[in-house]
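Those letters in the sequence shown? Residues 1143 to 1764, by the numbering used here.
Backbone N, C-alpha and C define an ideal beta-carbon position, used for all residues, glycine too.
All remarks here apply to the structure that follows.
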Amino acid sequence: MEVKLINNNLVLDVIVDNPSEVNDDEYAFYLMHYKEKVDEQWYSKNKHIQFPLPDKKGEYYVICFQRNLKKNTKSKSNSNRLLLSPAIRLNLSTGSSKGHYKQLKYFRRVIHGDYVSLKRTGYIPRVGATPIPLRIPVNYGPRNDRNIEFALNSWKFLAPVWKRYFETKKLRFLKEIYAFMLDWSQSLSIKSGENTFAWYDMAVGTRAIHLGLFLYVLSEEAIEFSPRDSRILNSIVENHIVYLENEKNLKFNNHGVWQILGLRLLYWSKNESDKSKIKFCEQQLDKLIELNFTEENVSSENSPFYHKYTADLICQLPTQLFKKTQARITAIQDQKDEVSGWLTSPSGFFFLIGDSDDKGMELKTKLECDFVKDGKCFVSKYYPGSGYAIVRTHPNVDIQDSSALIFHATSSSYSHAHADKLSFILFQKGLELITDSGKYSYENDQWRRYFVSDRAHNTVGFSQRVVMPNEIELGDSSISECTELNGEYILSGLTQVRSLGFKHNRKIIYRPNTYMQIVDTVSHSAGKGGGLEVRLHFGLNISLQEINNRIVALHENKIIASIEMDARLQKYEVYCGSEKPILGWTSRVYKKKKPINTLIMTFAANTKEITTKVYLCNYPVK
């Protein structure tokens, strides 16, 4: 077993060559300074690891320990020896922290995670992604996954290192963080123009928070840098400040929260005294909140998931640093969980609207019944200024007996928007009977284009003309009614696509556990759009059959609904997992999709009104 120790000027690389390696071999490493152990990495299967450059000059080598617990074998080997004069020279008086960190809460968004897992397994940028070994130099991009490029350029992998530092107060973890900061900076010179996420809005904001925290630690510990490293660090910090001070670079969605917080924390860590700079941050945050939240304190980002994400992010801002917006932040704080509860389906997951996924929140608000049927309480919530209307059984009703209908037409921003205006999701007896397609991914490919298009939603559109989110002008869609009378709900809304002269009014009459009637009134001037389509996307494990001239939805060999199509129907088609054309898919996990049954009902282009009835039932197939 040969062990090589290599100095790459930012870190020490340790590489093991073991020709006799077998499955389940593991390796541990001691970094030795003469006879003193100065660092270690415990057993893992990694044969290539890195140590931060040590502080002291002198001779260094590595002892590598090999073991195989299943075969009960072990061995060890020493590396070559190196005389080191570290390039990174932090003048540390001791190996441990002295700081008190009374304001550490300002930085809590970037302090989390498991350092041991990070080192043993690698960095996992999202659930299901292949772990990335964190070795310098890091490939920050280009890669074949935009989401991973973004995560790496945001330095999200530093969060577990920060957590480990504050747990142990050992300054070697600070050196590890700084080495990655230098590596990222050097990568821009080496791959100039290739890393498209280097100056991507939210990535810059997140890095600014890390840089602010680094400056805070240097101040608390009274650490002095070498002149060389001071110049490098100051250059990195100033480049971020210049970018974030340019209002044209700021986004007014959840990305902008990271940008404004990052800039404000850099100012705070640098003890910025210019009041105009502090005022700039407060003004930008105030503007962001006004654009990102409706008067009902619902996020305008077209997604139940992103309502919770952005509201949580806003409410975790250090109000001591944003005093002007404190009252509005408090108002969002007071209502954010209730809104998230209404935007959560009876399954416990967020309604699959826009770029949504993940578990939702339990609706805990004290509720009064609209009416009671068969011992079940039905409740409703109408957010007219936000584009949501929700009808559902009380949260106390067992999930197998639960029902819900959400009708939506959000129209305040394009952030995470789909072309899904006047679409809806229907739960019946605990099943997601009529569903939505989900987000799938953020890659700009044919699949993403399908998932955000009108064809992937329960909408009315054209058979030969796909509508995309940015074709629907802001403010042109709304939910105009949500009322209940004698156990029957009436929900109405309207939308339009001006470029096609397309106007659509939809009225839903919903009697829970009995029927839903959808009346679509349409006019347009699209000459080459083909016929009109009414689309219904059915939930996972729900099949469609034609029985007695009617389409029925089945689950576990039971008919749970029947669909009565308008008499003016020209044809209907059912798609399930189709790729030509792409139709009949849903996605609940990033970059993973599953086939579902999608019913496409086609009508003549000049049809003015289309009525679709869904009868809700539950009886065996005969």
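Closest Cα partner of residue i within the set the options
i     : options                       : result
M1503 : F1520, F1249, E1510 and E1480 : E1480
S1442 : I1474, W1341 and A1469        : I1474
F1193 : F1315, A1364, V1258 and N1289 : F1315
L1330 : R1288, Y1282, A1350 and F1308 : Y1282
I1660 : F1339, E1201 and I1567        : I1567
N1439 : Y1732, C1457 and F1422        : C1457
L1294 : N1337, K1312 and Y1320        : N1337
D1708 : L1575, F1367 and M1743        : M1743
R1370 : I1378, E1363 and A1271        : I1378
K1311 : R1692, G1241, N1444 and K1515 : G1241
M1658 : S1259, I1724, I1701 and C1759 : C1759
E1715 : R1692, W1400, Y1732 and T1728 : R1692
E1363 : I1374, N1210 and Y1307        : Y1307
S1554 : V1384, L1392, G1617 and F1292 : G1617
Y1525 : F1513, E1510 and Q1477        : Q1477
L1564 : T1461, K1419, G1496 and R1268 : G1496
V1436 : I1471, I1420 and D1416        : It should be noted that the sequence gives Thr, not Val, for residue 1436. When each option's Cα is compared against that of T1436, the closest is I1471.
E1318 : E1615, G1200, P1279 and N1538 : P1279
I1724 : V1594, F1492, I1374 and V1258 : V1594
T1625 : A1561, W1326 and D1512        : D1512
Delimiting residues of the beta strand (DSSP E) encompassing residue i
i     : result
K1312 : From DSSP, K1312 is part of no beta strand (DSSP E); its letter is neither H nor E.
W1410 : Counting along the chain, W1410 falls outside any beta strand (DSSP E), though it belongs to the alpha helix (DSSP H) covering N1396 to S1411.
P1737 : K1734 to P1737
M1344 : Careful: M1344 lies outside any beta strand (DSSP E), inside the alpha helix (DSSP H) at D1343 to E1363.
A1709 : A1709 -> no beta strand (DSSP E), and no H or E assigned at all.
L1246 : Element bounds for L1246: n/a, residue is neither H nor E.
S1217 : T1215 to N1220
G1106 : The question about residue 1106 has no answer here: the residues shown for the chain are numbered 1143 through 1764.
N1149 : E1144 to N1149
Q1192 : H1190 to P1194
V1269 : Segment: none, V1269 is in no beta strand (DSSP E) and carries neither H nor E.
A1695 : R1692 to H1697
A1546 : A1546 to H1550
S1729 : W1727 to V1731
T1601 : No beta strand (DSSP E) holds T1601; DSSP gives it neither H nor E.
N-terminal and C-terminal residue of the alpha helix (DSSP H) that residue i is part of
i     : result
P1446 : P1446 to C1457
L1294 : R1288 to N1295
F1569 : Looking at the DSSP string, F1569 is not in any alpha helix (DSSP H); the run it does join, the beta strand (DSSP E), is S1565 to Q1570.
C1511 : Premise fails: C1511 is in no alpha helix (DSSP H) and is neither H nor E.
T1263 : Y1257 to T1263
G1483 : Q1468 to W1484
S1555 : Segment: none, S1555 is in no alpha helix (DSSP H) and carries neither H nor E.
H1382 : P1369 to E1387
S1685 : Note, S1685: premise wrong, no alpha helix (DSSP H); beta strand (DSSP E) at S1685 to I1689.
F1593 : Q1588 to V1594
S1418 : K1417 to N1434
8 Å contact criterion, which residue i and residue j should meet: CB distance rounded
i     : j     : result
S1641 : E1623 : The Cβ separation is near 27 Å, so there is no contact.
G1671 : A1747 : 7 Å
L1152 : L1324 : 6 Å
Q1638 : G1673 : 19 Å between Cβ atoms; not a contact.
C1206 : K1218 : 6 Å
N1167 : N1160 : For the record, residue 1167 in the displayed sequence is Asp; it is not Asn. About 7 Å separates the two Cβ atoms, so the contact holds.
I1386 : L1407 : It is worth fixing the name first, because residue 1386 is Leu in this sequence and not Ile. Contact doesn't hold; Cβ gap of about 11 Å is too wide.
Q1788 : A1703 : A query on residue 1788 cannot be resolved here, the shown segment of the chain reaching from 1143 to 1764 and no further.
I1541 : S1489 : 7 Å
L1224 : N1149 : 6 Å
A1321 : H1254 : About 20 Å; that fails the 8 Å criterion.
N1600 : I1621 : Wrong, their Cβ atoms sit about 14 Å apart, outside the cutoff.
L1173 : V1204 : 6 Å
H1666 : I1684 : That belief does not hold up - the Cβ atoms of H1666 and I1684 are roughly 31 Å apart, past 8 Å.
**Report entry** Three CB pairs or more closer than 8 Å across the region 1499 to 1515 and the region 1443 to 1461
**Finding:** yes
Query - Length at least 3, wholly inside the region 1609 to 1675: the beta strand (DSSP E) runs in chain order - result: 1620 to 1627, 1630 to 1639, 1644 to 1653 and 1657 to 1665
Report task. Check whether the region 1546 to 1558 touches the region 1582 to 1593, counting contact only when three or more Cβ pairs, one atom from each stretch, lie closer than 8 Å. Result -> Taking 8 Å as the limit for Cβ pairs, the verdict is that the region 1582 to 1593 does not touch the region 1546 to 1558.
Query raised in the report: Would you call the region 1671 to 1688 and the region 1738 to 1750 in contact, with 3 or more CB pairs under 8 Å?
Result: Judged by Cβ distances under 8 Å, the region 1671 to 1688 makes contact with the region 1738 to 1750, as three or more pairs qualify.
Query raised in the report: Touching or not, the region 1179 to 1195 and the region 1255 to 1268, by the rule of three or more beta carbon pairs under 8 Å?
Result: yes
Query raised in the report: Quick one: any contact between the region 1572 to 1583 and the region 1460 to 1474, if contact means 3 or more CB pairs under 8 Å?
Result: no
Report task. Please confirm if the region 1408 to 1427 is in contact with the region 1345 to 1355, defined as three or more CB-CB distances below 8 Å between the two stretches. Result -> yes
Query raised in the report: In chain order, which continuous runs of the beta strand (DSSP E) of length 3 or greater are located wholly inside the region 1154 to 1187?
Result: 1168 to 1175 and 1178 to 1186
Report task. Check whether the region 1645 to 1656 touches the region 1619 to 1633, taking contact to mean three or more Cβ pairs, one atom from each stretch, closer than 8 Å. Result -> yes
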